[in-house]
Amino acid sequence: MFDFEKLDIYKKAKKFNTDVRNFIKSTKLDPTTKDQLRRASFSIVLNIAEGSGRFSKADRRNFYVISRSSIFECIAIFDVLKDEMVLTEDQFRLFYLLAEEISKILFTMIKNLS
132 MFDFEKLDIY KKAKKFNTDV RNFIKSTKLD PTTKDQLRRA SFSIVLNIAE GSGRFSKADR
192 RNFYVISRSS IFECIAIFDV LKDEMVLTED QFRLFYLLAE EISKILFTMI KNLS
């Protein structure tokens, strides 16, 4: 087992990514939005994994910052989709709460590596 697989943040990010992918499959989105949302949610997971394999604090921190930025990107996309009534307020809230939790954990990890 790789170290990142043991991290709660990795498991939460994977769940978020799965939820996003299920949303994409069940909703009609334009190709650009679909691709951007898919890549941003996947980036969260991948950067946590990649960062955990780095030896220096600065390298790990950089990947966790990128991962956290991808969360912000997802929420911005969902906010626009909510305004366009592609996403309900309840759906937005569920994504928002999980993203907020992941963001807070990553913020603490980043802060501890500074």
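Residue 187 in this note's numbering sits at position 56 of the sequence shown; the count goes up by one each step and never skips. Don't be surprised by glycine CBs; every beta carbon is placed ideally from N, CA and C.
Consult DSSP for residue i and reduce its assignment to one of helix, strand or coil.
i: Leu160; result: coil
i: Gly184; result: coil
i: Val176; result: helix
i: Val217; result: coil
Just curious, the alpha helix (DSSP H) that residue i is in, first and last residue?
i: Lys137; result: Neither: Lys137 is in no alpha helix (DSSP H) and is coded neither H nor E.
i: Thr125; result: Nothing can be reported for residue 125: it is not among the residues displayed for the chain, which extend from 132 to 245.
Quick check: what's the CA-CA separation for residue i versus residue j?
i: Thr163; j: Val151; result: 15 Å
i: Leu244; j: Ser183; result: 12 Å
i: Arg203; j: Ile241; result: For the record, residue 203 in the displayed sequence is Phe; it is not Arg. Distance between the alpha carbons of Phe203 and Ile241: 15 Å.
i: Ala144; j: Lys188; result: 21 Å
i: Val196; j: Leu237; result: 8 Å
So, is residue i buried or exposed, given that buried needs 16 or more other C-beta atoms within 10 angstroms?
i: Arg191; result: buried
i: Val211; result: exposed
i: Arg224; result: exposed
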